Amino acid sequence: MSSEGISKFDLVIAGVGGQGTILASDIIGKAAVKGNMSVRAAETHGMAQRGGSVVNHIRLGCELGSMIPMKGADVLLALEPSEALRYLEFLSDDGTIIVNTDPILPVTVTSGLCTYPDVDAIISKLEETHKVKAFNATELAKEAGHPQSMNVVMVGAVSNYLPISVDTMLECVKELVPPKTIDINAKAFEMGRNIAQE
Amino acid sequence: MSTREYMLGNVAIARGIVEGGGQVISGYPGTPSSEIIGTLAGMKERDFYVEWSVNEKVALEVAAGAAMTGVRSVVTMKHVGLNVAADPLLTLAYTGVKGSMIIIVADDPSCHSSQNEQDTRRYSQFSLIPCLDPCTPQEAKDMIPYAFEFSNKVQMPVIFRPTTRISHGKSDVELGPVNETRPAAEFVKELERWVMVPKNARVQHPHLLELQKDILNELENSPWNSLELSDGAKVGVIASGIASVYAKEAIIKQGINASFLKIGTYPVPENKIRTLMENSERIIIFEEMEPVVEEQVRIIAQETGSNVEVIGKLQGPVPRIYELNTDICSDVLADVLELERPDVPAEVAEDFDYDRCRIDLPMRPPVMCPGCSHRSTFHVMKKVYGKDAIFPSDIGCYTLGIQSGTVDTTLCMGGSITVASGMYQAGEKKPICCSIGDSTFFHTGMNGLLNAIYNKADITVTIVDNRITAMTGHQPNPGMGKLVTGEETSEVDLEALCKGLGAGFVETADPYDLKQTEEVFKRAKEYKGTSVVITEQLCVIDAKRSGIRRTPFTIDAEKCTGCRLCVNLGCPAIEFDTNTRKASINAMCTGCGVCAALCKFDAITEVKK
Chain A
-15 MSSEGISKFD LVIAGVGGQG TILASDIIGK AAVKGNMSVR AAETHGMAQR
35 GGSVVNHIRL GCELGSMIPM KGADVLLALE PSEALRYLEF LSDDGTIIVN
85 TDPILPVTVT SGLCTYPDVD AIISKLEETH KVKAFNATEL AKEAGHPQSM
135 NVVMVGAVSN YLPISVDTML ECVKELVPPK TIDINAKAFE MGRNIAQE
Chain B
309 MSTREYMLGN VAIARGIVEG GGQVISGYPG TPSSEIIGTL AGMKERDFYV
359 EWSVNEKVAL EVAAGAAMTG VRSVVTMKHV GLNVAADPLL TLAYTGVKGS
409 MIIIVADDPS CHSSQNEQDT RRYSQFSLIP CLDPCTPQEA KDMIPYAFEF
459 SNKVQMPVIF RPTTRISHGK SDVELGPVNE TRPAAEFVKE LERWVMVPKN
509 ARVQHPHLLE LQKDILNELE NSPWNSLELS DGAKVGVIAS GIASVYAKEA
559 IIKQGINASF LKIGTYPVPE NKIRTLMENS ERIIIFEEME PVVEEQVRII
609 AQETGSNVEV IGKLQGPVPR IYELNTDICS DVLADVLELE RPDVPAEVAE
659 DFDYDRCRID LPMRPPVMCP GCSHRSTFHV MKKVYGKDAI FPSDIGCYTL
709 GIQSGTVDTT LCMGGSITVA SGMYQAGEKK PICCSIGDST FFHTGMNGLL
759 NAIYNKADIT VTIVDNRITA MTGHQPNPGM GKLVTGEETS EVDLEALCKG
809 LGAGFVETAD PYDLKQTEEV FKRAKEYKGT SVVITEQLCV IDAKRSGIRR
859 TPFTIDAEKC TGCRLCVNLG CPAIEFDTNT RKASINAMCT GCGVCAALCK
909 FDAITEVKK
């Protein structure tokens, strides 16, 4: 867990290159600055980007380094189910996992080198040790108007946990998404926020 | 209005260049340094010159020339790029500069996207050029205007060394004022200084050594070094650059009473080290990569006859490889001070046993994009040259062709053609077909091709030309007819260039057209001497951004026999269902049509609207 003198809230975002993890983390980082909080973040660039496994760290109210120690995160936000499991060691024992249940098959699976685990098995595995909010964020994003707004659905979901006001979060969503997609993303944010409250 | 903004470390560095009044900025793209120039070029109002140069040596020389005229210049690159620029670097230390010059070299501990993890601070020691090492994006920004001033004061270039976690870290950054003065360029002839013939170099070298004292004195008391002596503490911790925030967090976490010296400059602040030494029984040193600070501390301990115990990387336990983090610092502190280890030892991270979850996770390596033309180039190359052929390759997206079996070597930028030549000259009898991207070819591949042709190497050089520098984030290059600012410029004709270098066989193929590409490669293979095949097709991401929409393809399950020929292409858009034994195409398809051309059963067709 984040602790006094170090950080107020530590969040790990896991996903696959191309899912929009950087935009998700940018919305939160920008909102933190608007909320007068210091913030540190680290992101994955370059060779690991396309289709690879990516992880972003965000530390709110932190003036030290951007990397969250092992078992340090308050929340693990996973944009893809298998990626939740891959970065589980960053989550503190009493932390929460918010996970999109829609899988993305890596080429190692489509070409038959590896198998993709059963999504239900992943979720129940996560539930053995942690509080889990699991839902199909990609479906919700489609309902909101476009599957690409899945990352904003997830940002909406995690907004329930962050020490930042909802209004500031929503404001930053609107500022950072492409202008044409503001309505879709505002809806996606609300849907994500609501489902994580259930 | 708030002057606090949320920004990427590289954007903060770019802001620092603006605040410091940078006038000429050059560089060559390389992760994690690339966004600095990208940010500067993207600014709507610009009163500075900015360019992507064709390689780091060229970029450094452009910035050096500018600084010789008295203006403020910056050159950016990644650590391995400094090897390319090492030749001018070492002599530039002798000449110094008249204006100001900052050499930004981003290091990549842990090789997140690099072929090695060399430490640029070694080049600082080697060249006797001072170096600044930031600990946060804020400090990175603040150091740049300081570096301009300092460089001008000592008339020397300054190396600025962010690491991946600074360059690709994000933070709230407090902006500063912009320096509005712009010294005008005026070159003053001073042959003794600017012309490094032996007579002058022999004078400049002792001058450079003499200058070290001034540099040390200036840096010792700069804001980037700070010493906090703690009452009753027997332990001193020294940490430099980003390691200082990791060490600080570990000290807070463990509740340790320790004196703390944070270092941000090289040469290191010797007086502060002496003071800490006098107040400590043991000193623990944290720094990323090489034991640069530690060596200096040991030298000072020997000079002063100090009995202080020095603990760091040389004899352990601080690791000399990969990047540091809070967990590693915590563990080292716990072990050395015989405290209880935190509940999660750092090695858990590296040895994390996925089996413990009792669920096997599929590997998710980075791959070439769906529809990427490199994939089809490699497919044809392998078919024509055969499994036994040797495929030297280079640095770029196409290095991911390692999964296609067409990347046998990757040494450095431009190293594919030269390695291929060396293999041929050694007497290797197997066919040799190397691959190199357009930007890499302009970087240092051209020299290699010239050398191969001149020395009659019988090899095929494949230039995989996707019309952009894709890997590092889509920077323009001389093949595109476009500058970093978007302005039009002359577009190099690759075929004419290769012919100009003396190539007797140069042909261009469209890699989406498998048949044509195969024929070109067959002719190239037959050709005696150095043959050049250019496979030209827009990068799929760039194509999408410029509005090109192709119809996606689909697989007719009735016709699919499950032969897996299309699956073996390794395109992320093609999936194989092991239950039904049929292939299918998912939503990622970009409509390149290569799989359709491969299918022997006509099962793959364009989606009907």
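So the protein lines, in turn, are chains A and B.
Position one of the first sequence corresponds to residue -15 (my numbering), numbered consecutively onward.
Position one of the second sequence corresponds to residue 309 (my numbering), numbered consecutively onward.
Every residue gets a Cβ at the ideal spot worked out from N, C-alpha and C, and that includes glycine.
Given the structure is predicted, the values throughout are model-derived calculations rather than measurements.
Rounded Cβ spacing between Asp441/B and Pro340/B (contact assumed at less than 8 Å): Between Pro340/B and Asp441/B the Cβ distance is about 15 Å, and since that is not below 8 Å, they are no contact.
On the three-pair Cβ rule with 8 Å, is the stretch 325 to 333 of chain B touching the stretch 355 to 375 of chain B? Three or more beta-carbon pairs separated by less than 8 Å link the stretch 325 to 333 of chain B to the stretch 355 to 375 of chain B, which places the two stretches in contact.
Kindly list, in the order they appear in chain A, the residues whose Cβ is closer than 7 Å to that of Asn508/B. Under the 7 Å cutoff, chain A gives no residues; its nearest Cβ is about 42 Å from Asn508/B.
Would you please verify whether the beta carbon of Ile143/A is less than 9 Å from any beta carbon of chain B? Note that residue 143/A is Ser in the sequence shown, not Ile. For Ser143/A, the answer is no, since every Cβ of chain B falls outside 9 Å of its Cβ.
Own chain residues within Cβ distance below 8 Å of Ser432/B, not counting five before or after: Excluding sequence neighbours, Ser432/B sits near Pro438, Cys439, Ile467, Arg469 and Tyr574.
How is Trp360/B classed by DSSP in three states: helix, strand or coil? Note: Trp360/B maps to strand in three-state DSSP.
Express the C-alpha separation of Ile42/A and Glu174/A in angstroms, rounding to a whole number. Using only the alpha carbons, I get a separation of about 22 Å.
Is Val772/B near the ligand FMN, in the sense that its beta carbon is under 8 Å from a heavy atom of that ligand? In terms of ligand content, the structure shown is empty, and the ligand FMN therefore cannot be addressed.
Would you say Asp864/B lies against chain A (beta-carbon separation less than 9 Å)? It does not; no Cβ of chain A falls within 9 Å.
To the nearest angstrom, report how far apart Thr768/B and Ala322/B are at their CA atoms. So the alpha carbons of these two residues sit roughly 41 Å apart.
Alpha carbon to alpha carbon, how far is Glu883/B from Asn894/B? Their Cα atoms are separated by approximately 7 Å.
First and last residue of the uninterrupted alpha helix (DSSP H) at Phe434/B: Run containing Phe434/B: Arg429 to Ser435, per the alpha helix (DSSP H) assignment.
Cutoff 9 Å: Ala172/A Cβ touching any chain B Cβ: Not an interface residue.
Test item: CB-CB of Gly694/B and Pro625/B under 9 Å: No, the Cβ-Cβ distance between Gly694/B and Pro625/B is not below 9 Å.
So, do the stretch 633 to 649 of chain B and the stretch 676 to 687 of chain B have three or more beta carbon pairs nearer to each other than 8 Å? Contact between the stretch 633 to 649 of chain B and the stretch 676 to 687 of chain B is absent, because fewer than three Cβ pairs lie under 8 Å.
Tell me which same chain residues have a C-beta within less than 8 Å of the C-beta of Cys871/B, skipping the five on either side of it? Contacts found: Lys908 and Phe909.
Less than 9 Å separating the beta-carbons of Ser66/A and Arg672/B? Yes, Cβ-Cβ distance for Ser66/A and Arg672/B is below 9 Å.
Do we get a CB-CB distance below 9 Å when we pair Asp480/B with the residues of chain A? Yes - at least one Cβ of chain A is within 9 Å of the one on Asp480/B.
Do you know how far the Cα of Arg683/B is from the Cα of Gly878/B? Going from the Cα of Gly878/B to the Cα of Arg683/B covers about 8 Å.
State buried or exposed for Ala734/B, treating a residue as buried only when at least 16 other CB atoms are found within 10 Å of its CB. Residue burial is scored here from C-beta neighbours: Ala734/B has fewer than 16 other C-beta atoms within 10 angstroms and is therefore classed as exposed.
Answer with buried or exposed for Gln604/B, where buried requires no fewer than 16 other C-beta atoms within 10 angstroms of its C-beta. By the beta-carbon neighbour count (other beta carbons within 10 angstroms, threshold 16), Gln604/B is buried.
I need the straight-line Cα distance from Asn120/A to Ala881/B, nearest angstrom please. Answer to the nearest angstrom: the Cα atoms are 21 Å apart.
DSSP beta-bridge partners for Gly544/B? DSSP lists Ser567/B and Ile591/B as partners of Gly544/B.
What's the C-alpha gap between Lys55/A and Tyr630/B? Distance between the alpha carbons of Lys55/A and Tyr630/B is about 20 Å.
Determine the chain B residues that contact Arg218/A at a beta-carbon separation under 7 Å, and present them in chain order. Residue 218/A lies beyond the range of chain A shown here (-15 to 182); nothing can be said about it.
In angstroms, rounded to a whole number, what distance separates the CA positions of Lys916/B and Thr825/B? About 28 Å.
Within 10 angstroms of its Cβ, does Lys164/A collect 16 or more other Cβ (buried), or is it exposed? It is exposed - the Cβ of Lys164/A has fewer than 16 other Cβ atoms within 10 Å.
Taking the alpha carbon of Val139/A as the reference point, which residue from Pro87/A, Gly4/A and Glu(-12)/A has its own alpha carbon closest? Ranking Pro87/A, Gly4/A and Glu(-12)/A by Cα distance to Val139/A puts Gly4/A first.
Taking Cβ positions only, does His114/A come closer than 9 Å to chain B? Closer than 9 Å: no.
Spell out whether any CB of chain A is found under 9 Å from the CB atom of Cys907/B. For Cys907/B, the answer is no, since every Cβ of chain A falls outside 9 Å of its Cβ.
The beta strand (DSSP E) that contains His41/A, what's its start and end? For His41/A, the enclosing beta strand (DSSP E) has its first and last residue at Ser37 to Leu44.
Cutting at 7 Å between CB atoms, please list the residues of its own chain near Arg582/B, excluding the five before and the five after it. Ile608 and Thr612.
Tell me where the beta strand (DSSP E) around Asn226/A begins and ends. Residue 226/A is absent from the structure shown; chain A starts at -15 and stops at 182.
Using beta carbons (cut-off 9 Å, strictly below), is Phe884/B in contact with chain A? Output row for Phe884/B: interface = yes.
Using CA atoms only, rank isn't needed, just tell me which of Leu822/B, His751/B and Glu844/B is closest to Glu815/B. Taking only the C-alpha atoms, the option nearest Glu815/B is Glu844/B.
Spatial distance of Met721/B from Asp104/A (CA atoms): Between the alpha carbons of Met721/B and Asp104/A lies a distance of about 45 Å.
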